[in-house]
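Asks:
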Amino acid sequence: MTALIDAFERDVQTDHSSGPLVRLVTNLTRHSQHDMEMCALLLVQKQWPNAALAVLDVVESRYGSASSIDYHRAGAMRALGKLDESDTLAKRAIAADPAHLESAIFLASNYRERGQLRAAAVVLRNYCQGAIARGEVDNLLAVLRFLSESVEIDIAAELCETAIHFGLDDPRLIAESGKLALQLGEFELARVRYKAVLARMDRPHEMFSAQAISQTKRFSDPDDPDAALVFSAPSALDLSPTARASALFGCAKIYDDLGSFQAAAATLREANQIIHAERGWDEGEWSARIKRALHPELPRNEQGIDFDFVPVFVVGMPRSGTTLTAELLQKHPQVRSRGELNFMRQLDGYVLSAPPQSRQDAVRHASEIYATHLLRDDERSRFYVDKNPMNFLLLDLIFASFPNAKVICCTRSKGDVALSLWFQFFTSPLTNFCYSLGNIKQVMDDYDRVMQFWTSRQAIYETSYECLVSDPQGETSRMLDFIGASDTCDLMPRINDKRRVISTASIWQARQPVYTSSVAKYKKYVEWIPELEMFS
């Protein structure tokens, strides 16, 4: 198929009539229905949706209507920007073949693009009911991943538990259940699920089960059998380097809980050395991002849409208190946290790729896309929080897109931030600097440069972790005043809140009462991690 399409594209360059398409279709007539449909799919991927529709018309005339044809037509219509027609075709494909995973994911993706996450979840919930009955574990896991990426964690967890109770006891489902339970703060269920994975899988540590168990509670007894499970993990046979490092991070967390700081430090050093060797850190890419952050060039969206909400961006070094800040802010009835949204960087690339004369329109379009994903299709609020700490690199786009944006900058003792980062096993490549204290120091210095640059140009509220934990009520009131919310909050959870989703490294800490025990904690480790002195 690729050769035929390549020939078609070469043909189009010299013949601007319908000839190239006619010749492509003629050549395709010798192929099967499946091959012709794959040709249509490739045409859409190569930005030839109208040609794809013509090919699919020929397929239907030859073989008759089919759900797969509707599915591929839906893709072509989406490429043409005709989302309503695309939805209709995808729904028709699902009605004809309810077991077709691709159609269900496609329709859900259409909804997600428009911020209709609950509508997407309804489509996938209906699909999963059939997948569970059919015992299709792989397809079910694909849907659960989609729901998790869409931050519909509560629905994913419900479907996962339904599948397990139905009798689908695949260890991958059990591990997924544990992961979702952790994010929802259901620590007892998470511990049960991950212990089941340890007991049943041939290589359970490749799913980072031991580290997950360490996150489910604060350990106080060195003879705790759960601690013994985690401590035994690094010596398991045939561990990959990453799995061994994960287990070591889990051990370090328990040593820290128990006050065994020397053991925690030694274990952390080994774990970080493994991951640093495995992943490295792209210092050149980081330098380019800092250069971009320090050179604003985007036109402001002053004449753009009059948004009826206020976006609030909580930025800072990772582990500086961004999750705690968002949790305190959203106790106000008009504030809703969307967690860490991860597509602002892609929007920045989109805007910068536009020709200079089109930048204003690109900024306006970027703001519309971001607003769609911020608002979604649930109950409306006045203030929406994005607590992705790395958004400090994207303040040019933030202030260009939303002149009414409020930015809260989180600070914390540098020694505490460095130690906390060294304790974490992150999955994002953006945090690969965390496995070297030297790299952490460089990133902190760059962060300071960026924030000094922007605070001299924009109104940015600076809070500190130490202030948040020593005076949470007072500091929350001051932050609410800064964003323009009336101060009517107390520190009690809002009535009727659904289970809170926390997917960051603060899974355990953010659900505990505000505490001060982490303040100046790094001083307990300086004896065994002398590099921490450079952060004093």
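Throughout the sequence shown, residue numbering follows this note's numbering, covering 706 to 1241 in sequence. Note that CB positions come from ideal geometry on N, CA and C, so glycine has one too. Predicted model, so just to flag it, every value in this text is computed and none were measured.
Is there contact here, the stretch 1134 to 1153 with the stretch 1031 to 1044, by at least three beta-carbon pairs under 8 Å?
Replies: The stretch 1134 to 1153 is not in contact with the stretch 1031 to 1044.
Asks: Could you pull the start and end residues of the alpha helix (DSSP H) that Y899 belongs to?
Replies: Note, Y899: alpha helix (DSSP H), F892 to R905.
Asks: Please state whether DSSP places D1151 in a helix, a strand or coil.
Replies: Correct three-state label for D1151: helix.
Asks: Give the secondary structure of G1021 by DSSP, where H, G and I count as helix, E and B as strand, and everything else as coil.
Replies: If DSSP states are grouped into helix, strand and coil, G1021 belongs with the strands.
Asks: When you compare only the Cα positions, how much space is there between P1235 and L1126?
Replies: Cα to Cα, the separation comes out at about 16 Å.
Asks: Is it buried or exposed for R1162, if we count other Cβ within 10 angstroms and need 16 for buried?
Replies: Its Cβ having fewer than 16 others within 10 Å, R1162 is exposed.
Asks: Using the beta-carbon count (16 or more within 10 Å), is T719 buried or exposed?
Replies: Exposed, by the Cβ-count rule.
Asks: Over what stretch of residues does the beta strand (DSSP E) that includes I1165 continue unbroken?
Replies: First-last of the beta strand (DSSP E) with I1165: I1165 to S1169.
Asks: Does the stretch 1100 to 1119 come into contact with the stretch 1223 to 1240, if we say contact requires no fewer than three beta-carbon pairs (one atom in each stretch) closer than 8 Å?
Replies: They touch, by the three-pair rule.
Asks: Just verifying my parser: in three-state terms, what is the DSSP assignment at D843?
Replies: Helix, per DSSP.
Asks: Could you tell me the alpha carbon to alpha carbon distance between K1226 and A1123, rounded to whole angstroms?
Replies: In a straight line, the C-alpha of K1226 is about 11 Å away from that of A1123.
Asks: So A784 packs on P754, CB below 8 Å; how close in whole Å?
Replies: Indeed they touch by this definition, with Cβ atoms about 4 Å apart.
Asks: Hey, Q888 and I858: beta-carbon distance below 8 Å or not?
Replies: The answer is yes: Cβ separation under 8 Å.
Asks: Does the count of Cβ pairs from the stretch 916 to 930 and the stretch 1092 to 1103 closer than 8 Å reach three?
Replies: As far as the Cβ criterion goes, the stretch 916 to 930 does not touch the stretch 1092 to 1103, which means the pair count is below three.
Asks: Can you tell me whether DSSP reads D792 as helix, strand or coil?
Replies: Helix.
Asks: Please report the residue range of the alpha helix (DSSP H) in which F954 lies.
Replies: P946 to D962 is the extent of the alpha helix (DSSP H) around F954.
Asks: Going by beta carbon distance, what residues of the same chain come within less than 6 Å of Y832, once the five residues before and after it are set aside?
Replies: Here the set comprises A809.
Asks: Count the C-beta pairs between the stretch 1042 to 1059 and the stretch 1073 to 1091 that are closer than 8 Å, then say yes if the count reaches three, no if not.
Replies: Touching, yes, given that three or more Cβ pairs across the two stretches are closer than 8 Å.
Asks: Would you call Q1051 buried or exposed, if buried means 16 or more other Cβ atoms sit within 10 Å of its Cβ?
Replies: It counts as exposed.
Asks: List the endpoints of the continuous alpha helix (DSSP H) containing C1139.
Replies: Per DSSP, C1139 belongs to no alpha helix (DSSP H) and is neither H nor E.
Asks: Under DSSP, the alpha helix (DSSP H) around R1005 begins and ends at which residues?
Replies: R1005 -> no alpha helix (DSSP H), and no H or E assigned at all.
Asks: Which residues bound the alpha helix (DSSP H) around I1113?
Replies: I1113 -> not in any alpha helix (DSSP H); beta strand (DSSP E) instead, spanning K1111 to T1116.
Asks: On the criterion of 16 or more Cβ atoms from any shown chain inside 10 Å, does S1025 qualify as buried, or is it exposed?
Replies: It is buried - the Cβ of S1025 has at least 16 other Cβ atoms within 10 Å.
Asks: Among E765, D1013 and N1137, which one has its Cα closest to the Cα of G989?
Replies: Closest option to G989, Cα to Cα, is N1137.
Asks: Could you check whether P1016 and A1110 sit closer than 8 Å to each other, using their CB atoms as the reference points?
Replies: Cβ distance < 8 Å, so A1110 and P1016 count as in contact.
Asks: Under 8 Å, Cβ to Cβ, is there at least one residue of chain C near L845?
Replies: In summary, chain C is missing from the structure at hand, where a single protein chain is found.
Asks: Going straight from the alpha carbon of S925 to that of E854, what length do you get?
Replies: Rounded to the nearest angstrom, the two C-alpha atoms are 34 Å apart.
Asks: Just list the residues that DSSP pairs R1041 with in beta bridges.
Replies: Its beta-bridge partners are Y1089.
Asks: Along the alpha helix (DSSP H) that carries Q1065, what are the first and last residues, could you check?
Replies: Per DSSP, Q1065 belongs to the alpha helix (DSSP H) from R1064 to L1080.
Asks: I think V1040 touches S1086, with their Cβ atoms under 8 Å apart; what is that distance to the nearest whole Å?
Replies: The Cβ separation is near 6 Å, so the contact holds.
Asks: Checking the sheet assignment: what are the DSSP bridge partners for V1015?
Replies: Note: V1015 sits in a beta bridge opposite F1088.
Asks: Please say whether T707 and L747 have beta carbons closer to each other than 8 Å?
Replies: In contact: L747 and T707 (Cβ atoms closer than 8 Å).
Asks: If you draw a straight line from the C-alpha of A800 to the C-alpha of F1104, how long is it?
Replies: A800 and F1104: Cα-Cα distance of roughly 45 Å.
Asks: Would you kindly check if the distance between the Cβ of H777 and the Cβ of E742 is under 8 Å?
Replies: Cβ atoms of E742 and H777: closer than 8 Å.
Asks: Looking at V842: is its Cβ nearer than 8 Å to the Cβ of D875?
Replies: It is a contact, given that the beta carbons lie within the stated cut-off.
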